[in-house]
Each structure stands twice: as structure tokens, then as C-alpha cells.
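*Asks:* If you scroll down you'll find the structure; I have some questions about it.
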Amino acid sequence: MSIEDLRKRQQEQSARWESDRSVAPADFGAPAEEYRAATTAAALFDLTVRSHIELTGADRATFLHNFCTNDIKRLAPGQGCEAFITSIKGRILGHVLVFATDTSLWLESDAGTEGELVAHLDKYLIVEDVEIHRRSSEEAELLCVGPEAAGRLNDVLGIDTAAIPADGVTPSEFEEQPVQVRRTSFTGYPEWAVVAPVAILPVLWSRLTEAGLRSAGALAFEALRIQAGMPRVGVDISEENIAQEANRTEEAISFTKGCYLGQEPIARLDALGHVNKLLCVLRIESDQVPAAGATVVDDGGKDLGRITSATVSPESGQVVALGILKASHAKPETAVAVRGEGDAALVARVASTQPS
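Pasting the structure below:
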């Protein structure tokens with residue numbers, strides 16, 4: 001079976017696409033109910049576009065440790081972490097989730113980033129016992145979200161999700177094929193990613209929805225992602241940003257791990273005690289969705305930054321957004337305005353990343 005077979009299963013469940021079928025469905029006919037399932041019950045999202053890389057070899061942990069912001073060498077099998085892969089200037093080249101198994105390290109990252117990350121790491125691979133494997137065409141991801149998701153997933157895979165630590169991973173099996181169940185944090189709600197061979201995804205999708213997870217689309221997921229402050233590389237953050245500007249410092253940066261590529265400017269910025277700008281969640285009192293790049297201003301019209309992502313919340317009908325703002329206006333409840341169509345000022349407030 002293939003991704004197209006998965007699309008056929010989804011179409012049978014009233015899936016609707018806004019563009020081509022190479023990406024996840026926009027919704028399954030009721031985005032507000034899909035959003036509500038993720039926040040109050042159990043929802044299943046298609047994250048098959050995400051990138052997957054596997055590192056094997058005896059030196060894999062030491063090697064990766066030298067090129068990202070978190071402490072990879074401390075990871076025991078079953079553990080994981082969030083990290084940035086940075087340039088020598090501390091700028092963001094990649095935003096990854098790292099998971100340790102008995103035999104390898106797995107990295108997952110945003111759609112379309114596999115090639116650049118592999119090329120970057122391979123450039124520094126000289127004599128180390130490390131092999132870098134592209135896995136995006138072989139493995140793909142489904143995301144189970146909601147307070148009831150754990151029980152549904154346990155029923156299908158016969159595992160105990162409660163035993164998986166935050167950012168951790170556990171092996172399982174489905175249709176006699178190995179799968180990984182990962183504890184992730186895309187949405188701010190309880191969630192588990194299932195990474196499995198592409199060939200079994202259609203059957204896995206069907207089995208999970210039969211077990212009570214509601215099929216949910218990209219519109220609901222995008223609102224949840226934005227509200228949780230989870231950035232996308234190439235959309236919300238890029239090589240223009242030093243790692244701390246992504247506002248994931250607590251989750252993704254260790255200041256005690258020692259040297260790595262980009263460590264010096266990141267440590268210097270930490271010693272200064274502040275950054276000049278930060279990625280922030282905004283709640284906009286309008287149903288008008290500002291375009292990426294729309295200007296954010298203070299009450300006097302002074303430029304504070306730019307919108308990077310925005311969407312209408314399927315539940316509230318109001319717009320939620322991410323934007324890079326001056327740190328002086330990045331605190332929750334700070335009043336700002338977003339320049340919309342025709343320079344109309346859309347009233348907005350900086351929000352926390354806690355579920356509302």
C-alpha cells in the first residue's frame with residue numbers, strides 16, 4: 001500500500017483537500033468538531049509530510065551532540081528531546097525532535113527539510129562511525145491527540161502510553177511491522193505520534209479511527225500548532241533567527257552540554273539576559289486572516305514585527321497567529337495591532353502558549 005491508498009481511505013471518510021492530495025486533508029467536513037475532538041476527546045491527524053532521518057553507528061550520539069542545541073549524549077534508549085541544528089553563528093538551520101532507540105537516533109523535522117539537514121550533517125562526517133539514512137519515503141507519521149487518545153492507542157497497539165516519558169519513544173508492532181510511538185508536543189494537548197512504514201499506514205489509519213479517534217484535518221491542526229507556539233522552519237523561523245528567538249529555549253536549548261557548532265553566540269546571548277525579538281502567539285479580534293509578513297504595531301503605530309503564520313480557529317472563529325515581535329512587547333496580554341487589508345488595524349493581544 002501507499003500514501004495514495006491512505007488518501008482513498010480518507011476520502012471515504014469525507015476528506016476535503018484545498019490543494020493536491022500529496023498533503024493532508026484540510027478537513028473531514030466539520031473542522032470545529034475535529035478541533036473539539038482534539039481538545040476534549042481523541043482526534044487523528046495526518047502528519048505524513050514530515051521528514052525523518054535515522055543515524056546509526058557507534059559514534060551517532062557524540063556526532064549529533066556536536067551540531068545541535070540540546071544534550072544528545074544524555075539520552076538513553078526510550079528518551080528524546082527537542083533541539084535546533086544551528087550554523088556557526090547560532091542561526092537556525094533545523095528544528096528537530098530527536099528520539100533514541102537501542103540501535104539508532106531518529107530525527108523528525110518539518111516537511112521538506114530532510115535534504116538540507118542531511119547535507120549539513122554529512123558535510124562534517126569525516127572518520128566517525130556514523131551512517132545517515134533518509135527515511136522520509138519509507139516511514140511516515142500519524143498523530144493521536146486528546147485526553148482520550150491514549151486509551152484508544154493502547155487498545156490498537158497493545159502498549160502502555162503512560163510509560164512513555166515526555167519526549168520519549170517506545171517500540172511497538174502493527175501488522176507484523178515495527179512502529180514507534182513517540183510522546184510529542186505539537187498541540188499543547190496530550191498527544192502521541194505513531195511513526196510506521198508507509199505500507200501499513202492505510203490500515204493503521206482505519207484501525208485507529210475504528211477505535212474511536214476522530215479523523216481530523218490540517219485546518220484544526222494548524223490552529224492547535226499556532227496556539228501552542230510550535231514554529232515551522234521556513235515559515236515562522238529560518239536562518240535569519242538565532243535559536244533563542246524561536247521562544248523554545250526551555251524545551252530545546254541546553255546551556256550546560258558543552259561545545260557545539262553555534263554554541264558561542266547562543267551562550268553570549270544568554271549571558272546578556274535577553275533577546276531583541278521573540279516568536280509570539282497572537283489572538284486577533286477578527287475573522288480576517290492577515291497575510292504572512294503583515295506588520296504588527298503598538299498603540300502608537302510603531303513597528304513591532306511581522307506575522308509569520310495565521311489561521312482562523314475552527315472553534316472560536318477568531319484568528320490565531322504567530323509573529324516575530326520585539327521582545328519589549330512579547331509578554332502575554334500585551335495589546336498590539338496587526339495591519340490588515342487596506343491598512344485596517346486589527347486589534348490583537350499577545351497570548352500564552354497554554355491551551356485555552
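End of the sequence shown sits at 356 in full-length UniProt numbering; the numbers just go up one at a time, nothing left out. Even for Gly, the Cβ is constructed at its ideal location relative to N, Cα and C.
Quick one, are the C-beta atoms of Y189 and L219 less than 9 Å apart?
*Replies:* Not closer than 9 Å, so no.
*Asks:* Out of A37, A140, R91 and V96, which has the shortest C-alpha to C-alpha gap to E239?
*Replies:* The option with the nearest alpha carbon to E239 is R91.
*Asks:* Considering only residues of the same chain and omitting the five flanking positions on each side of Q10, which have a CB-CB separation below 6 Å?
*Replies:* Only P25 meet the Cβ criterion.
*Asks:* Using 8 Å as the cut-off, can you tell me whether the stretch 144–158 makes contact with the stretch 65–78, which would need three or more C-beta pairs spanning the two stretches below that distance?
*Replies:* Touching, no, given that fewer than three Cβ pairs across the two stretches are closer than 8 Å.
*Asks:* Is it buried or exposed for N276, if we count other Cβ within 10 angstroms and need 16 for buried?
*Replies:* Under this definition N276 is an exposed residue.
*Asks:* Along the chain, where does the beta strand (DSSP E) containing G146 start, and where does it finish?
*Replies:* It is not in any beta strand (DSSP E) - G146 carries neither H nor E in the DSSP assignment.
*Asks:* In its own chain, which residues sit with a C-beta less than 8 Å from the C-beta of D59, not counting the 5 before and 5 after it?
*Replies:* So the qualifying residues of the chain are E128, D129 and V130.
*Asks:* Relative to the C-alpha of D167, which residue among G112, C259, V96 and E175 is closest?
*Replies:* The shortest C-alpha separation from D167 is found at V96.
*Asks:* Is H120 helix, strand or coil when you go by DSSP?
*Replies:* H120: helix per DSSP, three-state reduction.
*Asks:* Pick helix, strand or coil for A294, following the three-state DSSP scheme.
*Replies:* Here A294 sits in coil by DSSP.
*Asks:* Please tell me whether, using a cut-off of 8 Å, the distance from the CB of R50 to the nearest non-hydrogen atom of the ligand GDP is below it.
*Replies:* Questions concerning the ligand GDP fall outside what the structure shown contains, since it holds no ligand whatsoever.
*Asks:* Less than 8 Å between C-beta atoms, sequence neighbours within five positions excluded: which residues of the same chain meet that for L117?
*Replies:* S51, I53, I85, L93, G94, V96, L107 and S109, listed in sequence order.
*Asks:* Taking V350 as the reference, which of L6, A294, L279 and S316 has the closest Cα?
*Replies:* Checked all of L6, A294, L279 and S316; the closest Cα to V350 is L279.
*Asks:* Excluding the five sequence neighbours on either side, which residues of its own chain have a C-beta within less than 6 Å of the C-beta of F45, listed in chain order?
*Replies:* If we look at F45 and ignore the five residues flanking it on each side, its Cβ neighbours are L143, A216 and F221.
*Asks:* In three-state terms, what does DSSP make of E333?
*Replies:* Here E333 sits in coil by DSSP.
*Asks:* Which residue's Cα is closest to the Cα of A41: G212, D27 and D270?
*Replies:* Nearest C-alpha to A41: G212.
*Asks:* Only counting the same chain, and skipping five residues up and downstream in sequence, which positions put a Cβ closer than 7 Å to that of G29?
*Replies:* So the qualifying residues of the chain are S14 and R16.
*Asks:* Where does Q244 sit, in a helix, a strand or coil, going by DSSP?
*Replies:* Looking at Q244 - three-state DSSP - the assignment turns out to be helix.
*Asks:* Where DSSP assigns a beta bridge to residue 359, which residues make up the other side?
*Replies:* In the structure as shown, the chain begins at 1 and stops at 356. Residue 359 is therefore absent and cannot be evaluated.
*Asks:* With DSSP as the reference, identify every bridge partner of H274, one or two as the case may be.
*Replies:* Paired residues: none, contrary to the question.
*Asks:* Could you check what DSSP says for D5 in three-state terms: helix, strand or coil?
*Replies:* Here D5 sits in helix by DSSP.
*Asks:* With DSSP collapsed to three states, give me the class of G262.
*Replies:* Of the three classes helix, strand and coil, the one that applies to G262 here is coil, per DSSP.
*Asks:* What span of residues does the alpha helix (DSSP H) with L219 cover, start to end?
*Replies:* Counting along the chain, the alpha helix (DSSP H) containing L219 begins and ends at A218 to Q227.
*Asks:* Just grab the DSSP bridge partners of Q288 for me.
*Replies:* DSSP output for Q288 lists no bridge partner at all.
*Asks:* Shortest alpha-carbon distance to V195 belongs to which of S172, T353 and D287?
*Replies:* Out of S172, T353 and D287, S172 has the C-alpha closest to the C-alpha of V195.
*Asks:* Please name the residue or residues paired with W192 in a DSSP beta bridge.
*Replies:* In DSSP, W192 forms a bridge with C144 and R183.
*Asks:* Just curious, the beta strand (DSSP E) that R349 is in, first and last residue?
*Replies:* Element bounds for R349: A345 to A351.
*Asks:* With L325 as the anchor, note down where its alpha helix (DSSP H) starts and where it stops.
*Replies:* Premise fails: L325 lies in the beta strand (DSSP E), V319 to K326, not in any alpha helix (DSSP H).
*Asks:* Note the first and the last residue of the continuous beta strand (DSSP E) segment covering W106.
*Replies:* From DSSP, the beta strand (DSSP E) with W106 extends over S104 to S109.
*Asks:* If you count every other CB in all the chains shown that lies within 10 Å of the CB of S313, and 16 or more means buried, which is it?
*Replies:* Answer is buried; the Cβ neighbour count reaches 16.
*Asks:* Note down the Cα distance separating residue 359 from G151, rounded to an integer number of angstroms.
*Replies:* Not covered by the structure: residue 359. The range shown for the chain is 1 to 356.
*Asks:* Does DSSP put A76 in a helix, in a strand, or in coil?
*Replies:* Reduced to three states, the DSSP call for A76 is coil.
*Asks:* Quick check on this structure: which residue in V49, Y35 and E33 has the alpha carbon closest to the alpha carbon of D20?
*Replies:* With distances taken between Cα atoms, D20 lies closest to V49.
*Asks:* Opposite S19 in the DSSP bridges: which residues?
*Replies:* Partner(s): none; S19 has no beta bridge.
*Asks:* I'd like the list of long-range same chain contacts for S356, defined as Cβ closer than 6 Å, with 5 residues on each side in sequence excluded.
*Replies:* Residue placement at S356 is poorly supported in this model, since its pLDDT is 45, which falls under 50; the coordinates are not used for a value here.
*Asks:* Helix, strand or coil: how does DSSP classify P178 here?
*Replies:* It is a strand residue.
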